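Residue numbers (the working numbering): 745 to 1109.
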């Protein structure tokens, strides 16, 4: 961990002006309305109206509870991974604000906006630029590794013939893809190999805008990003090799996904639909992959459509699947915007708190 850190103001925090966030929300509403209009036309609006009339609002409270539990797990995991390998020890309230402000950046931009806030927070807390980026990518990799494990196990159950409603291709995609990713990560993260592969080259400023110079500069940037991504596997490997010592990191992300899965299940039950656990996991994982794409305004519209199609693939009618997806996104995406907006004005105070954490760690060192 390096002692250098941004010195002034918010130290590079992505700008999250209220006007920009409100514009992003308006665009998000328009995108969702477009998706609902298009899929609703295909599904038949009369069937949508009938399905909406059968909604049981009692299930909405458990849906919100699942989301709250998921965020609690995420905060626990974030604290644990941030502190690995002599990293900053962040108070729970500081992490809560980081996660909330990161969600605001996610809504205003895309997945990269939330990652930028995480990088900024670790920089302010005392990490060097490359170390902060490696830790952020480690967060992300460990988080997706937990979901991939759930989906791969569910895929194995399908292959064993226990969930015939799930398409075999959906199950095989996870059953084959996840072990290949784990094998690649294990091979790359061998200690003597990762030290070499995570060594980032220096990015020199462009001297001339010639095609050759630009291509070389871009290639160097790609190598730096790849080196930081590989460096993030150190934290994943450490958590998986010592799951008891890093139980908060391992179980925290598991709790995050379980909470979100329960939110989706509660939305399914709210419309009187039935879905098995294996089908729920695979439909959720398949639809959720859309959030990893660089979609604008938090994937509004695109994720709704992807989740709808995934639910229909496991046997739910199109009208119910659309309403379930929109309700799920209402709880998991739209509802958390309220605390995210409330936390945005606390960014300067958070910046000072993180700076004090870095200064305290530097004095102890």
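Built from N, CA and C at the ideal position, the CB exists for glycine as well. All values reported here derive from a predicted model rather than from experimental measurement.
{"Item": "Nearest-angstrom Cα separation, counted from residue 870 out to residue 750", "Value": "With a pLDDT of only 44 at residue 750, under the threshold of 50, the placement of this residue in the model should not be trusted, and no figure is reported."}
{"Item": "Residue 1013 versus residue 1078 - alpha carbon distance", "Value": "20 Å"}
{"Item": "Secondary structure of residue 954, DSSP reduced to three states", "Value": "coil"}
{"Item": "Nonlocal neighbours in the same chain, by C-beta distance under 7 Å from residue 1103, ignoring five residues either side", "Value": "none"}
{"Item": "Sequence ranges, alpha helix (DSSP H) only - wholly within the segment 802 to 875, length at least 4", "Value": "804 to 827, 836 to 852, 855 to 868"}
{"Item": "Reference residue 1105, options 827, 791, 880, closest by Cα", "Value": "827"}
{"Item": "Per-residue burial, residue 1051 [other beta carbons within 10 Å of its own, 16 or more giving buried]", "Value": "buried"}
{"Item": "Nonlocal neighbours in the same chain, by C-beta distance under 7 Å from residue 1028, ignoring five residues either side", "Value": "1005, 1008"}
{"Item": "Residue 1089 versus residue 844 - alpha carbon distance", "Value": "11 Å"}
{"Item": "Residue 1030: first and last residue of the uninterrupted alpha helix (DSSP H) it sits in", "Value": "1021 to 1032"}
{"Item": "Contact check, residue 898 vs residue 1022, beta carbons under 8 Å", "Value": "yes"}
{"Item": "Runs of alpha helix (DSSP H) lying entirely within the segment 910 to 992, each at least 4 residues, in chain order", "Value": "912 to 932, 935 to 941, 955 to 985"}
{"Item": "Burial state of residue 912, where buried means 16 or more other Cβ atoms lie within 10 Å", "Value": "exposed"}
{"Item": "Residue burial classification, residue 789 (beta-carbon count within 10 angstroms, cutoff 16)", "Value": "exposed"}
{"Item": "Where residue 903 sits in the DSSP three-state scheme", "Value": "helix"}
{"Item": "Burial state of residue 956 (16 or more Cβ within 10 Å)", "Value": "exposed"}
{"Item": "Euclidean distance between Cα positions of residue 819 and residue 1066", "Value": "30 Å"}
{"Item": "Whole-Å CB distance - residue 1055 paired with residue 1069, under 8 Å assumed", "Value": "7 Å"}
{"Item": "Pairwise C-alpha distance: residue 983 and residue 873", "Value": "22 Å"}
{"Item": "Segment limits, alpha helix (DSSP H) that includes residue 1018", "Value": "Per DSSP, residue 1018 belongs to no alpha helix (DSSP H) and is neither H nor E."}
{"Item": "Backbone CA spacing between residue 837 and residue 954 [nearest angstrom]", "Value": "49 Å"}
{"Item": "The segment 987 to 1006 contacting the segment 803 to 821, beta-carbon criterion three pairs below 8 Å", "Value": "yes"}
{"Item": "CA-to-CA distance, residue 963 to residue 909, given in whole angstroms", "Value": "45 Å"}
{"Item": "Three-state secondary structure assigned by DSSP to residue 1060", "Value": "coil"}
{"Item": "Distance CB(residue 980)-CB(residue 987) smaller than 8 Å", "Value": "no"}
{"Item": "Contact with chain C by residue 776, beta-carbon distance below 8 Å", "Value": "Considering every chain present, this structure includes no chain C. It has just one protein chain."}
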